[in-house]
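Peer 1: Have a look at the structure that comes next, please.
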Amino acid sequence: MKIGEFASKNKVSKDTIRYYMDLGLIIPEKQGGQYFFDDRCQNKLDEIFNLKNMAFTLNEIKTIFVFRLLGNLTPYQQNEYYKTLFVNKHEEILNRIENLTAIGGVLKNKIKDLSQYECDKKFTWGINVNMLNIFNCPKCNGQFVIQDGIIKDNEIINGKLKCRCGKEYIIENGILIANNCNNESQFNFDFNYITEYINVTDYNYLDNIYKGIDWVHKKIDFSDLKNKVLLELGSGFGFALRSNYNKLPNDCIYVAVDHDITRHKFLKNMLEMADIKKNVVFICADFLEMPIKHKSIDILLDFSGTSNYSFEHDEFLLALIDKYVKENAYIIGSYILFKNFNNNSLIAERFRNNFILNKVKQEIAELKYKVIDERVSNYVENGGKYEDYFVNGEKIYNYAFYGKR
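Heads up, the sequence shown is in our numbering, so the first residue is 1 and it goes up one at a time.
Following this line, the structure appears as structure tokens:
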């Protein structure tokens, strides 16, 4: 019979049969470019199933088949050989059961300990009135006044920041929201989302993220962040912030900007359950509408914020928001780059310059940033459900930059 019929008869996939063939466990006869499976192949497959049911690995099964073929055993020798195999495997399984039982006890105690941990919110999060000095009207550079404010522990929970020119921002549950920016994400962001994101995203893609965050963590001297104002462009659901949160000095201000209110709500809820509270300001606004005072940012954090902006704009975001950044500022950034673009690429041709390494380096250099360190990641060919901005045949990678001007 042919491979499809053989696989169907044994209730396995054709890929499984091909894998067994690659290992040399099944050797069908080839006729006219097609494989045909006879009773000998069926007997081999039955034996594979039988040995797998006794916890033998495929490599162990292959060794058994080879030894039996080359050993030319008598019936008695074959009986003794299998008896020894099964005795050894039985002892191995008993040891494994003993080890797994011990591990099960440890896990049970860990589950008990974790079940006693309360994950209730520990803080009410708002905008501290002492931080208002970092805000300015983007329309006229005027100062804001608080209107209809609900203030708790010196923090604005709900209310408005209004300028005399008429420009105003809403504060809702501690998040500063621009009138034209209250986008709701198509995804439901909760802890299960992080679990799903990790499960459905390509391992190599995740590995690049992990190594990138680790690289950033090693570059930041957290003692130098005292009394500094940090601005993150596109905070998302907080990979960067949450990984460095506990090490932030108590007197620094971390401004997290994102256009998606759902992401902000998720990140804020996560931080409200932390054991400590830092000075994080959540702003839901377009990057060009940020109500931040000019030349007030000491450290700019750009973890794919510019890259995400470049999916729909040909301008380089860092140049557009440079007015907020001090002349002696530091920058730590990570940029999505393409090694190649396919004909069916999802990136419109007019936007592609901002995904090319030399162009990104040039744009950063024109803003007077001098490199302290930089890193180029490995290429990745697959993303996943939530990282679907490139197509088959395209390779993407990341460029990380740490610099000062």
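Quick reminder that beta carbons are idealized off the backbone N, C-alpha and C, glycines included.
What's the C-alpha gap between Asn43 and Met21?
Peer 2: The residue given as residue 43 occupies position 43 in the sequence shown. The residue given as residue 21 occupies position 21 in the sequence shown. Taking the straight line joining both Cα atoms gives about 14 Å.
Peer 1: Extract the residue ranges of the alpha helix (DSSP H) inside the stretch 7-53, only unbroken runs of 4 or more that lie entirely within it.
Peer 2: 14-22 and 39-53
Peer 1: Mind checking which residues open and close the beta strand (DSSP E) that includes Arg375?
Peer 2: To locate residue 375, count along the sequence shown from 1; it is residue 375. Element bounds for Arg375: Lys370 to Val376.
Peer 1: Would you say the stretch 243-260 touches the stretch 216-235, given that touching needs at least three Cβ pairs under 8 Å?
Peer 2: A contact between stretches requires three or more CB pairs, one per stretch, nearer than 8 Å, and the stretch 243-260 meets this requirement with the stretch 216-235.
Peer 1: Is the beta carbon of Gln147 within less than 7 Å of some heavy atom of the ligand ZN?
Peer 2: The ligand ZN is not part of this structure, which contains no ligands at all.
Peer 1: Are Asn246 and Ile276 closer than 8 Å when you measure CB to CB?
Peer 2: Here residue 246 is taken as the residue at index 246 of the sequence shown, counted from 1. Here residue 276 is taken as the residue at index 276 of the sequence shown, counted from 1. A contact, by the Cβ cut-off of 8 Å.
Peer 1: I'd like to know whether the C-beta atoms of Glu374 and Tyr335 end up nearer to each other than 8 Å.
Peer 2: Counted from its first residue, the sequence shown places residue 374 at position 374. Counted from its first residue, the sequence shown places residue 335 at position 335. Cβ distance not < 8 Å, so Glu374 and Tyr335 don't count as in contact.
Peer 1: Hey, how far is the Cα of Lys278 from the Cα of Phe222?
Peer 2: On the sequence shown, residue 278 is found 278 positions in, with the first residue counted as 1. On the sequence shown, residue 222 is found 222 positions in, with the first residue counted as 1. Lys278 and Phe222: Cα-Cα distance of roughly 13 Å.
Peer 1: Here's the rule I'm using: 16 or more other beta-carbon atoms within 10 Å means buried, otherwise exposed. How should Glu394 be labelled?
Peer 2: Taking the sequence shown and counting its residues from 1, one reaches residue 394 at position 394. Buried.
Peer 1: For Val216, I'd like the list of residues in its chain whose CB is within less than 6 Å of its CB, leaving aside the five on either flank, ordered along the chain.
Peer 2: Locating residue 216 in the sequence shown gives position 216, counting from the first residue. The answer, listed in chain order, is Ile332.
Peer 1: Using 8 Å as the Cβ pair cut-off and three pairs as the minimum, do the stretch 196-208 and the stretch 293-304 touch?
Peer 2: no
Peer 1: What residue from Asp388, Ile26 and Phe351 has the CA that sits closest to Val66's CA?
Peer 2: Locating residue 66 in the sequence shown gives position 66, counting from the first residue. If we check each option's Cα against that of Val66, Ile26 comes out closest.
Peer 1: I need the straight-line Cα distance from Thr481 to Lys339, nearest angstrom please.
Peer 2: Any answer about residue 481 is impossible in this case: the structure gives the chain only from 1 up to 405.
Peer 1: Is the beta carbon of Cys140 closer than 8 Å to that of Pro291?
Peer 2: Residue 291 sits at position 291 when you count from the first residue of the sequence shown. Residue 140 sits at position 140 when you count from the first residue of the sequence shown. Contact: no.
Peer 1: Which same chain residues, not among the five before or five after Lys219, have their C-beta less than 7 Å away from its C-beta?
Peer 2: Residue mapping note: residue 219 aligns to position 219 of the sequence shown, counting from 1. Closer than 7 Å at Cβ, skipping near neighbours: Ile332, Asp373 and Tyr402.
Peer 1: Which residues mark the beginning and the end of the alpha helix (DSSP H) in which Val87 is found?
Peer 2: Here the question's residue 87 lines up with position 87 in the sequence shown. Note, Val87: alpha helix (DSSP H), Pro75 to Ser115.
Peer 1: Exposed or buried, what is Leu70 when buried is set at 16 or more other beta-carbons lying within 10 Å of its beta-carbon?
Peer 2: As a first step, residue 70 is located in the sequence shown; it is residue number 70 there, counting from the start. By the 10 Å Cβ count, Leu70 comes out exposed.
Peer 1: If contacts are defined as beta-carbon pairs under 8 Å, then Glu281 and Ile177 qualify, I think. What distance do you get, rounded to the angstrom?
Peer 2: Taking the first residue of the sequence shown as 1, we reach residue 281 at position 281. Taking the first residue of the sequence shown as 1, we reach residue 177 at position 177. Strictly speaking, residue 281 in this sequence is Val, with Glu absent from that position. With 8 Å as the limit, Val281 and Ile177 do not qualify as a contact, their Cβ atoms being about 12 Å apart.
Peer 1: Which of the three DSSP states, helix, strand or coil, is assigned to Gly174?
Peer 2: Here the question's residue 174 lines up with position 174 in the sequence shown. Of the three classes helix, strand and coil, the one that applies to Gly174 here is coil, per DSSP.
Peer 1: If you run the structure through DSSP and keep just helix, strand and coil, what is Tyr210?
Peer 2: By 1-based counting over the sequence shown, the position of residue 210 is 210. If DSSP states are grouped into helix, strand and coil, Tyr210 belongs with the helices.
Peer 1: Is the beta carbon of Ser310 sitting closer than 8 Å to the one on Phe341?
Peer 2: Working through the sequence shown from its first residue, we reach residue 310 at position 310. Working through the sequence shown from its first residue, we reach residue 341 at position 341. No. Outside cutoff.
Peer 1: Please confirm whether Arg242 and Met273 have their CB atoms less than 8 Å apart.
Peer 2: In the sequence shown, residue 242 corresponds to position 242, counting from 1. In the sequence shown, residue 273 corresponds to position 273, counting from 1. No, the Cβ-Cβ distance between Arg242 and Met273 is not below 8 Å.
Peer 1: Please say whether Phe56 and Lys89 have beta carbons closer to each other than 8 Å?
Peer 2: As a working note, residue 89 is residue 89 in the sequence shown. As a working note, residue 56 is residue 56 in the sequence shown. Yes, the pair counts as a contact, with Cβ atoms nearer than the cut-off.
Peer 1: By DSSP's criteria, Thr201 is part of a beta bridge. Which residues make up the other side?
Peer 2: Along the sequence shown, one-based indexing puts residue 201 at 201. Answer is Gly384.
Peer 1: Is Val325 near Leu300, with beta carbons less than 8 Å apart?
Peer 2: Indexing the sequence shown from 1 puts residue 325 at position 325. Indexing the sequence shown from 1 puts residue 300 at position 300. Yes; because the gap between Cβ atoms is below 8 Å, this pair is in contact.
Peer 1: Check this for me: beta carbons of Leu51 and Ile61, under 8 Å apart or not?
Peer 2: Residue 51 sits at position 51 when you count from the first residue of the sequence shown. Residue 61 sits at position 61 when you count from the first residue of the sequence shown. For Leu51 and Ile61, yes; Cβs fall inside 8 Å.
Peer 1: Quick one: residues in its chain with C-beta nearer than 6 Å to the C-beta of Lys359, no 5 flanking neighbours on either side, listed in chain order?
Peer 2: For the purposes of this step, residue 359 is identified with residue 359 of the sequence shown, where counting begins at 1. Asn353, listed in sequence order.
Peer 1: Going by Cα to Cα distance, which pick from Asn199, Glu349 and Lys404 is closest to Asn328?
Peer 2: The residue labelled residue 328 in the question sits at position 328 within the sequence shown. Measuring from the Cα of Asn328, the nearest candidate turns out to be Lys404.
Peer 1: Taking only runs of the alpha helix (DSSP H) that begin and end inside the stretch 231-272, which ones reach a length of at least 4 residues, in chain order?
Peer 2: 239-244 and 261-272
Peer 1: Ends of the beta strand (DSSP E) at Ile280?
Peer 2: Sequence index remark: in the sequence shown, residue 280 carries index 280 (1-based). Note that residue 280 is Val in the sequence shown, not Ile. The continuous beta strand (DSSP E) containing Val280 extends over residues Asn279 to Cys284.
Peer 1: Tell me, to the nearest whole angstrom, how far the beta carbon of Gly149 is from that of Gly159; I am working on the premise that it is less than 8 Å.
Peer 2: Reading the sequence shown from its first residue, position 149 is the one you call residue 149. Reading the sequence shown from its first residue, position 159 is the one you call residue 159. Indeed, because the Cβ distance is near 3 Å, the residues count as touching under 8 Å.
Peer 1: Cα separation between Lys167 and Val145?
Peer 2: The residue given as residue 167 occupies position 167 in the sequence shown. The residue given as residue 145 occupies position 145 in the sequence shown. The alpha-carbon atoms of Lys167 and Val145 are separated by roughly 11 Å.
Peer 1: Return the CA-CA distance between Tyr19 and Ser13, expressed in angstroms with no decimal places.
Peer 2: To locate residue 19, count along the sequence shown from 1; it is residue 19. To locate residue 13, count along the sequence shown from 1; it is residue 13. Computed Cα separation, rounded: 10 Å.
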